[in-house]
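Presented below is the structure to which this report refers.
Below, the structure is given as structure tokens:
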């Protein structure tokens, strides 16, 4: 019998929820748990029918990064290899072509928050706590936190969280722009599923292009990015999905997109 996975993918229609469960005593973002996460990401990448991916945790924990006792036991080379593997896993989340949502059900600390930062949208439970406490331990957020956080909330606010290492509650996270929305803990799953379903009803090609263009714009001059968007629009203008969308609009019905 296979051992329980620390990451459990759940497929419902065209939405995949990747649950960071921590089963079998393995933290999902620990060296032992990362293979489970990468396997779930591979499955999501290879499924052409998926239109949205949700990441969430269990009980009162979204994800908390590495086991600090394990970090203390390992030598510098082992910890560096682990950090590289964590970077690669979180970058894969960032590079998923379909929209992603982090449903932050509880503590999102260290690598757990870095994972959430790689998602397109973040909804936090009202009981959630978020932070990058690494500087309090003699470390830095090594898997993208120093880069994604200031891009999301601005350099000054990011410096506050990075240099103090403090955690923030869901209300402050919303004020900072760290999360898009806050929901009662017992309604987080249903609210996230409604949002994912709303996204999944839209044209798959358009969703992928919209996400890709926002991501590409990070490294381009404004006018170059706009020109690139013009080029990316061209295939959509001849797509079956556009014809369906316009027909549905004229008929005042829900469009049935097929991703072509």
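In our numbering, the protein residues as written are 6 to 265. Yeah, the Cβ is synthetic: ideal placement off N, Cα and C, and Gly gets one too. Here the structure is a predicted model, which means the values were calculated and not measured.
- Task: Report the rounded CA-to-CA distance for residue 142 versus residue 180, giving the unit in angstroms.
- Result: So the alpha carbons of these two residues sit roughly 27 Å apart.
- Within the segment 225-255, note down every full alpha helix (DSSP H) run reaching 4 residues or more, in order along the chain. If you keep only unbroken alpha helix (DSSP H) runs of at least 4 residues inside the segment 225-255, you get 227-242.
- Message: Out of 138, 88, 38 and 246, which one is the CA nearest neighbour of residue 25?
- Response: Comparing C-alpha distances from residue 25 to each of 138, 88, 38 and 246 shows the shortest one belongs to 38.
- Query: Roughly how many angstroms separate the alpha carbons of residue 263 and residue 156, rounded to a whole number?
  - Reply: Distance between the alpha carbons of residue 263 and residue 156 is about 34 Å.
- Query: Leaving out five residues before and five after residue 94 in sequence, what residues of the same chain have Cβ atoms less than 6 Å from its Cβ?
  - Reply: Result list for residue 94: 39, 42 and 43, in chain order.
- Message: According to DSSP, simplified to helix, strand and coil, what is residue 66?
- Response: In this structure, residue 66 counts as strand in the three-state DSSP scheme.
- Task: Hey, could you find the ends of the alpha helix (DSSP H) residue 50 is sitting in?
- Result: Its alpha helix (DSSP H) spans residues 39-51.
- Message: Measuring straight from C-alpha to C-alpha, what distance separates residue 161 and residue 178?
- Response: Residue 161 and residue 178: Cα-Cα distance of roughly 14 Å.
- Compute the beta-carbon to beta-carbon distance between residue 201 and residue 106, rounded to the nearest angstrom, for a pair I have assumed lies under 8 Å. Contact flag correct, Cβ pair sits at about 6 Å.
- Is there at least one Cβ from chain C nearer than 9 Å to residue 93's Cβ? No chain C is part of this structure, which consists of one protein chain only.
- How would you call residue 219, buried or exposed, if buried means at least 16 neighbouring beta carbons within 10 angstroms? Label assigned to residue 219: exposed.
- Query: Does DSSP put residue 7 in a helix, a strand or coil?
  - Reply: Confidence at residue 7 is low in this model, with a pLDDT of 47, below 50, so the placement of that residue should be treated as unreliable; the coordinate-derived value is given next. Coil at residue 7, not helix or strand.
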